[in-house]
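Peer 1: Residue numbers (the numbering used here): 9 to 1105. First the structure, then my questions, so here it is.
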């Protein structure tokens, strides 16, 4: 059997790369649908894996049903077949047997369905079990051994590939792969590995997003990776699209048939085979997915529909833009950053940090983790970890520290070990794609080969040192030669070149050794050679080695100057203390010259450069503004206060800084750069919006404190911007964030507010003479107002730069619709920091992209008569009250925390929400009003107008993507409408925060009020669904001002029908709702039914 399987492997690998291949559907669902009698389970009820022994014909029938439906790959009935899971049923001792029998059953069925040119294959299914190693539920070795035993049985039974699926923890996947590879080695053969993770809300259970998972799994060398289970194909769309752009391997997508509901204690899946196939075929056509199947709830009918939908589809080809990146459980980090270098923090090293060594000797893991977090907060991209100390168990120490860092540190780890046992102990406890520091050729490559095997097995990158049998390479030629040997060694072992860093090493320039005076030059000159001769690899240096042995004041300057020149020569990464980096502009010109003379071995007047450095720093004890004087810690604390958003002690810090610096210097040279760093952290995704606002509050407080010390001539601003939300739009959160960021970066902002007409904005431009105009809008209608404003400005011969932003706006729209109508510069800003970069002159205007402005509507489609009739429980409108607790059951906390607050889910977000709710309860703001009702209506002949019989009103919808003819298809149909508002009192609480310059509070309360209104709409929608006796899945709601219903003026119809005065809800002259946190909507009762019939997805 092993020989036959070996013959199938090349054929399978070719099919995986070339063919569209269908996997089978849900084994568990298929078993459940058969309602097996108690005797079928062989004395092990609820252990479906044992059915391969107690009732093999049932499993055989299920495999055959899926193969008959068109599947080419069937999964063994072993999802819960690892030893740890089977032990729950008392079957751990039969793990190998159960998996072998399961594989043989599936093999028998696949062979019977294979034919020439269309072979069928067997995937050995390995599920996640219930124990997560990253949370300490199970040790790595125990989990690896459980998967090893399962893999032995699957391989012996004749599977063609191993499929690790439904992974929730990346460390669990690594343990599974290690167990599988151990089984391969024992069996003397190998086969493709397919790795699949499961996502909820876009992330795995422990918080890994799909690209972090991808960058972690690819170094394990699978044949394909992908997603399975989850909430259904619709919920996978964004993740699949992201993978299609970045993943170089075949993608596999195996979703559930939607989200289950429970009936009589049994999960029921509602997603029909047709709807399942429509979305899945889109993944093939648009995203290049070629390996597709079904998970929970999918039946042979789903697979058959999918096969039919895929006929004639050629998956699109995506040339993935892949470069290896390093990962933690929580994020992925590119190995080449702009601006360079990638910073690897060095303070969690027992050999280089006394504080870390003290914590290690005290076995204070909390203190060690806190030091790691501090480096992360200071801007390190990765963290170098070394726990080696004479007399201690390095492997045990490495395991203890890594176990904590794995689940608490955001940035990836670099394992700095010479002891391979300690190195492996760290790798066994780390879920991300780590970097190993390091390998060399000192012993000819023996140890390097062992470490390379560990890197392959655990999916890690490598730092390679320019050391060979002769020792540390001194010349550029020798350095290059050693690095090329190491490069070839790693390439032959299958390590990706993008996961390799080469350290040419540098000797200290402080030794006085005549033969090392050119050490700095040789190191710098080899950097471009390494880039040239080691394709795709990266370069790295331990920067501080250059100055080892000198005084701290000299070291900081020499290190900073050497780093500057190394980066200019092509250095990608550097190991140093991120919090102690000295900016080049803070170094005195004469001291920079001394450093460069030493680095480049430039002598003058017979005095060696080292002698001049030693002499200068022995005399100039206070030459460094950052070492040995009170000023450095003061300025560091000031920058940290801004970046970390801390106001405690701010005035004392500023008072101390004023003893040495002018107020203007503090603002220009320290506060503004700190805010620029905040902008960089925000733009890179490493700082969330609430923390940006905290930093802005600190910045404002500092400027206010320094203001009395500024002379009037010094108070000239960096520029002026007139800022407004355009006519017809009362949303101001985005505009106000721009105000906050720009004003705290030295700009004067004339904030006109919301709902500003073109004439008002133009009058303000003429009055204030700004350097730029900023316009914002949230609604679709707003972007057309922007165009009209620019047309008027053009007619009035204005040409100042205009910066446009807002949720409804896109860069493409700006290029095609706004740029052509205005002769001045027009920019698109995706966020407040992009607006800042534009004002600072660091962004070009949007280019003109000619093209059609509008897409012609599709031809009218024939109305389709529904199969069932819907009745309204009453006609007309009702007013109801909803309590806060009732609404909270509908509050989407994920959207509130991640999208509205930009914070992510966690204890801090939950605490902020609880504080707001407590405040509302204290204010007795716990009841909110809504109206809803049912009306008769019909779609007019043109297919896009819904005529309501009440008061002869009409509502007009956009012709695409789904016109009302797909919703309301009977001559007379029920039209539910609703209106909700959070009320004027809550709106006043929001505005009080902004008026008080409580920017963080403003963001939190504004986002909460908006999400509360959505929750109210969902609550009333549910009432309508219950009253009409339909399911929530079958209905959708639409609001005026959005793409499907663009005419915002039709709010006036809803105002009359839904009795706005009873809600104290008003409309502006431009049809905006006041209070802003309000929602009106039309509910489509049978959206899903009609969507199926018309074939539109």
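Don't be surprised by glycine CBs; every beta carbon is placed ideally from N, CA and C.
Who pairs with residue 1053 in a beta bridge, going by DSSP?
Peer 2: 1050
Peer 1: Does DSSP classify residue 612 as helix, strand or coil?
Peer 2: strand
Peer 1: From the DSSP secondary-structure annotation, give me the bridge partner or partners of residue 984.
Peer 2: 942
Peer 1: Express the C-alpha separation of residue 841 and residue 256 in angstroms, rounding to a whole number.
Peer 2: 33 Å
Peer 1: Return the CA-CA distance between residue 986 and residue 996, expressed in angstroms with no decimal places.
Peer 2: 24 Å
Peer 1: Return yes when the Cβ of residue 602 is within less than 7 Å of the Cβ of residue 620, no when it is not.
Peer 2: yes
Peer 1: So, are the CB atoms of residue 30 and residue 80 less than 7 Å apart?
Peer 2: yes
Peer 1: Quick check on residue 438: does DSSP put it in helix, strand or coil?
Peer 2: coil
Peer 1: Assuming the contact rule is C-beta atoms closer than 8 Å, residue 586 and residue 351 should be a hit. Round their C-beta distance to whole Å, please.
Peer 2: About 5 Å separates the CB atoms of residue 586 and residue 351; that is less than 8 Å, so the two are in contact.
Peer 1: Thinking just about the alpha-carbon of each residue, which of 88, 77 and 475 is nearest to the one in residue 281?
Peer 2: 77
Peer 1: Considering Cα atoms alone, identify which of 847, 482, 85 and 541 is closest to residue 513.
Peer 2: 482
Peer 1: Suppose contacts are defined by Cβ-Cβ distances below 7 Å. Is residue 216 in contact with residue 337 by that definition?
Peer 2: Closer than 7 Å, so yes.
Peer 1: Let's see if you can read the secondary structure: which residues bound the beta strand (DSSP E) around residue 237?
Peer 2: Note, residue 237: beta strand (DSSP E), 232 to 237.
Peer 1: Buried or exposed for residue 882, going by 16 or more other Cβ atoms inside 10 Å?
Peer 2: exposed
Peer 1: So for residue 755, helix, strand or coil by DSSP?
Peer 2: strand
Peer 1: Taking the DSSP output, what are the residues bridged to residue 424?
Peer 2: 445
Peer 1: Going by C-alpha to C-alpha distance, which of 361, 762 and 149 sits closest to residue 734?
Peer 2: 762
Peer 1: What is the residue span of the alpha helix (DSSP H) that residue 552 lies within?
Peer 2: In the DSSP annotation of this structure, residue 552 is not part of any alpha helix (DSSP H), being labelled neither H nor E.
Peer 1: Alpha carbon to alpha carbon, what distance is there between residue 909 and residue 1030?
Peer 2: Residue 1030 and residue 909 have their alpha carbons spaced roughly 26 Å apart.
Peer 1: How about residue 757 and residue 747: are their beta carbons less than 7 Å apart?
Peer 2: The criterion of a C-beta distance shorter than 7 Å is satisfied by residue 757 and residue 747.
Peer 1: Taking the alpha helix (DSSP H) that residue 996 falls in, what are its first and last residues?
Peer 2: 992 to 1003
Peer 1: Hey, residue 1107 and residue 778: beta-carbon distance below 7 Å or not?
Peer 2: Any answer about residue 1107 is impossible in this case: the structure gives the chain only from 9 up to 1105.
Peer 1: Can residue 194 and residue 108 be called in contact, C-beta distance under 7 Å?
Peer 2: no
Peer 1: Just the C-alpha distance for residue 775 and residue 732, rounded to the nearest angstrom, thanks.
Peer 2: 15 Å
Peer 1: Relative to the ligand ATP, is the shortest distance from any of its heavy atoms to the C-beta of residue 457 smaller than 6 Å?
Peer 2: Annotation note on the ligand ATP: not contained in the displayed structure, which lists no ligands.
Peer 1: Hey, residue 982 and residue 942: beta-carbon distance below 7 Å or not?
Peer 2: yes
Peer 1: Based on the DSSP secondary-structure assignment, which residues constitute the bridge partners of residue 171?
Peer 2: 133 and 202
Peer 1: Can you give me the C-alpha to C-alpha distance between residue 1097 and residue 310, rounded to a whole angstrom?
Peer 2: For residue 1097, the pLDDT reaches just 37, beneath the cut-off of 50, and the residue's location in the model is therefore unreliable, leaving the point undetermined.
Peer 1: Just grab the DSSP bridge partners of residue 836 for me.
Peer 2: 812
Peer 1: Residue 861 to residue 72, Cα distance in whole Å?
Peer 2: For residue 861, the predicted structure reports a pLDDT of 33, less than 50, and the residue's modelled location is therefore unreliable. A value from the coordinates is still provided. Cα-Cα distance, rounded: 53 Å.
Peer 1: Quick check on DSSP: helix, strand or coil for residue 1098?
Peer 2: Annotation note: pLDDT 36 at residue 1098 (below 50); position unreliable, no value reported.
Peer 1: Pair every Cβ in the segment 352 to 364 with every Cβ in the segment 389 to 401, then say whether three or more of these pairs are closer than 8 Å.
Peer 2: The answer is yes - the segment 389 to 401 touches the segment 352 to 364, with three or more Cβ pairs under 8 Å.
Peer 1: Going by C-alpha distance, which of 744, 278, 303 and 442 is nearest residue 260?
Peer 2: 303
Peer 1: Check for me: the alpha helix (DSSP H) holding residue 560 runs from which residue to which?
Peer 2: 560 to 576
Peer 1: Buried or exposed: which applies to residue 243, given that a residue is buried once 16 or more other Cβ atoms fall within 10 Å of its Cβ?
Peer 2: buried
Peer 1: Looking at the unbroken beta strand (DSSP E) that takes in residue 392, where does it start and where does it end?
Peer 2: 390 to 393
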